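Reviewing the structure listed below.
Residue numbers (my numbering): 49 to 231.
Listed below in structure tokens is the structure:
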């Protein structure tokens, strides 16, 4: 009878031990909050997309053990990125100012100030700013390589060729699938 209980306990316990070993190791996290002021970024760096539109890190992957990154984008021109897919991140956008057209899969959505949209990973998407000025907060979960993507994009001296753009996206766990939205 003791042997049967031992075997039963072992059979029940082994999957739990295996599951616990598969969990990521707990990371030491800061116990202090922080403030990032208006018109500033987390590390006081300037990242302008297209040389015109600030894209500031507000919460860094470094702050969250790669679990989350939050950005504030101030759009100073119409348009947006090519149709693409994130292989490892979900994305959320909150519109503060202006009007945007989003495509998620086969659906299109018009968003204005106060609207929020969720874009699941592995679903093709893009957006276009429809107004001369726009502002939005957006986040990636997990953070992935998105901070480095925006830094590399901002370092370009001009718009990348389609081949350069595809490589830039691929180097940061994304894939370009088509052109930007026409509006």
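In this text, a Cβ means the ideal position worked out from N, Cα and C, and glycines have one as well. Bear in mind the structure is a predicted one, so any value in this text is a computation, not a measurement.
Would the beta-carbon of residue i fall within 7 Å of that of residue j?
{"i": "residue 190", "j": "residue 114", "result": "yes"}
{"i": "residue 224", "j": "residue 134", "result": "no"}
{"i": "residue 192", "j": "residue 151", "result": "no"}
{"i": "residue 97", "j": "residue 149", "result": "no"}
{"i": "residue 105", "j": "residue 221", "result": "no"}
{"i": "residue 198", "j": "residue 103", "result": "yes"}
{"i": "residue 180", "j": "residue 161", "result": "no"}
Taking residue i as the reference, which of the options has the closest Cα?
{"i": "residue 183", "options": "101, 85 and 89", "result": "101"}
{"i": "residue 99", "options": "141, 125, 156 and 91", "result": "125"}
{"i": "residue 79", "options": "153, 111 and 85", "result": "111"}
{"i": "residue 214", "options": "106, 129 and 82", "result": "129"}
{"i": "residue 164", "options": "143, 107 and 230", "result": "143"}
{"i": "residue 77", "options": "85, 108 and 87", "result": "108"}
{"i": "residue 187", "options": "84, 153, 161 and 140", "result": "140"}
{"i": "residue 117", "options": "155, 181, 185 and 157", "result": "185"}
{"i": "residue 147", "options": "211, 231 and 159", "result": "159"}
Tell me which same chain residues have a C-beta within less than 7 Å of the C-beta of residue i, skipping the five on either side of it?
{"i": "residue 71", "result": "Caution is warranted here: a pLDDT of 44 is assigned to residue 71, below 50, making its placement in the model unreliable, and the coordinate value is therefore given only provisionally. Nothing meets the Cβ criterion."}
{"i": "residue 227", "result": "130 and 131"}
{"i": "residue 127", "result": "176, 177 and 228"}
{"i": "residue 217", "result": "132, 223 and 224"}
State the start and end residues of the unbroken alpha helix (DSSP H) segment that holds residue i.
{"i": "residue 210", "result": "210–218"}
{"i": "residue 195", "result": "194–202"}
Taking 6 Å as the cut-off, is the CB of residue i close to at least one heavy atom of the ligand GTP?
{"i": "residue 180", "result": "The model on display carries no ligand, and the ligand GTP is accordingly not part of it."}
So residue i is in the beta strand (DSSP E); what residue range does that whole segment cover?
{"i": "residue 83", "result": "From DSSP, residue 83 is part of no beta strand (DSSP E); its letter is neither H nor E."}
{"i": "residue 175", "result": "173–177"}
{"i": "residue 138", "result": "138–145"}
{"i": "residue 188", "result": "182–189"}
{"i": "residue 102", "result": "101–107"}
{"i": "residue 120", "result": "117–123"}
{"i": "residue 230", "result": "Run containing residue 230: none; DSSP gives neither H nor E here."}
{"i": "residue 155", "result": "155–160"}
{"i": "residue 164", "result": "164–167"}
{"i": "residue 131", "result": "131–134"}
Take residue i and list the residues in its own chain whose beta-carbon comes closer than 6 Å to its own, dropping the five residues that flank it on each side.
{"i": "residue 69", "result": "Below a pLDDT of 50, predicted positions are generally treated as unreliable, and residue 69, at 44, falls in that range; the measurement from the model is reported next regardless. Excluding sequence neighbours, residue 69 sits near nothing in its chain."}
Would you call the region 200–208 and the region 114–128 in contact, with 3 or more CB pairs under 8 Å? no
Say whether the region 172–182 touches the region 85–97, bearing in mind that this needs 3 or more beta-carbon pairs closer than 8 Å, one atom from each stretch. no
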